[in-house]
Amino acid sequence: MNTDTEINRTRIRAFTLIELLVVIAIIAILASLLMPALGHAKSKAQSVKCISNLRQHGLAYRMYVDDNNGNYPLTEGWAAAGGIGRTNAYVGGAAWNCGGRVNETNRPLNRYTQNVQVWWCPSDKGGDAYVMEAFDRLGYKSCWELYGNSYLPLWRQADYYFRTEYVNGDASNPKSKPSNKESRINQKASNKIIQGDWVWQNDCMTGAPKTHGLDLWHTYRGKRYENMLFGDGHVVNYHFPTATADWIVKPPDLNWQWW
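Quick note, this note's numbering runs 35 ahead of the 1-based positions in the sequence shown.
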C-alpha cells in the first residue's frame, strides 16, 4: 500500500505540461541555432571533396601532358576529358557537343585518375543555363547525370570565353589539334584556368539569367563560388567578379587575374 509520502514523491518527480513545453521550446531554439552551422559544415565538407577531385585532375592532366609531347587532351566534347559515358545523356539543344555519351574508355584522363567517381562533385546541382530544359522538363538532377562529368575545361570549339584561353582540343576536328599547349601554359601557369565546376563558364556564371539557384554549388555568405583548377596544379575556391558576365568574348591576357 502506498503511503502519502510515496504519493507526494511521485508527484514531485513528474513534469507539468508547461515544463515540458518549455523544454521543447528550448530544444527547438538550440536546434535552430545549430542547423545553419551544421549546414555550413556539410557544404564545406563537400567543397573540400570537390577541391580534392580537382587536384587529382591536375595530376592527371600533368601525366597526360608528359606522355603526349606536352599537349593537352583531344576530347570528343566539353565533358569528355574524364568521367563516365551516359547512354541516356542529354544531347538536345546546345548540349549536342557536350560529349555526354562518350564511353569512359574514350575519355583520355580516366586512365590517369582510375576512379571515375572523382569526376563527380558532391555539390553538383546542374544549373547549366544552356540546357535548363533537361532540369525543368526531363527531370535531370545534376551535370553528373547529364554528361557523366561535373567539371568543365574550355574546349577547342571556342578559342576563348570569359578572358580564358582554350585548353583541350576537339578530337573530331584535325584542324583544332592543339600545338604544344604546355609551353604556352607554362608562360603563366599560376593564373591559367584549366577547368572548374561545370557552371563556371556558361552564361549563368554571375547568376544571370536566373536558374532556380541550381548554379549555386558552393556559396559563402550569400556569394557564389566555383572551385577552379589552375595550370600549376593549385585549386582555388574562387568568386568571379560580377563584371565577368560582360567578358564572354573578351580575349585572354596573361597578365590579367586569369587567362
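Positions of the beta carbon are idealized from the N, C-alpha and C atoms, including for glycine.
Ranked by Cα distance from G134, the options S78, Y147, G120 are led by G120. Segment contact: the stretch 263 to 271 against the stretch 86 to 106, three or more CB-CB distances shorter than 8 Å; contact assigned.
Bridge pairing for D205: T110 [DSSP]. In the pairwise beta carbon analysis, the stretch 96 to 104 is classified as not touching the stretch 161 to 177: fewer than three pairs are separated by under 8 Å. Closest in C-alpha terms to E217, from the list I59, S82, G93, comes G93.
In this structure, the beta-carbon distance from L249 to F197 does not fall below 8 Å. In this structure, E200 and W235 do not form a Cβ contact; the two beta carbons are roughly 15 Å apart against a cut-off of 8 Å. With a 10 Å radius around the Cβ and a threshold of 16 neighbouring Cβ atoms, K79 comes out exposed. Between L144 and G204, the C-beta spacing is not below 8 Å.
Membership of T254 in the beta strand (DSSP E) is indicated by the continuous run 253 to 255. Proximity to G266 across N290, K223, R259 peaks at K223, based on C-alpha coordinates.
Counting the other CB atoms within 10 Å of its CB gives V83 a total below 16, which places it among the exposed residues. When DSSP states are grouped into helix, strand and coil, Q81 belongs to the helix group. As computed with DSSP, K258 is found in a beta bridge with Y255. A residue is called buried once 16 or more other Cβ atoms fall within 10 Å of its Cβ, and K258, having fewer, is exposed. Fewer than three beta-carbon pairs drawn from the stretch 111 to 119 and the stretch 157 to 171 are found closer than 8 Å, and the two stretches are therefore not classed as touching. By alpha-carbon distance to N208, the top candidate from I229, Q192, S185 is Q192. Residues of the same chain with a CB within less than 6 Å of the CB of H274, apart from the 5 flanking positions on each side, are K258, Y260 in chain order. Between the beta-carbon of N106 and that of N226 there is about 21 Å, and that puts the pair past the 8 Å contact cut. Per the C-alpha coordinates, the member of R136, L289, W190, F50 positioned closest to W233 is W190.
A straight line joining the alpha-carbon of Y186 with that of A95 spans about 14 Å. Counting the other Cβ atoms within 10 Å of the Cβ of T148 gives 16 or more, which makes it buried. C-alpha of Y195 to C-alpha of A63: approximately 52 Å in a straight line. In the structure shown, T199 falls within a strand segment according to DSSP collapsed to helix, strand and coil.
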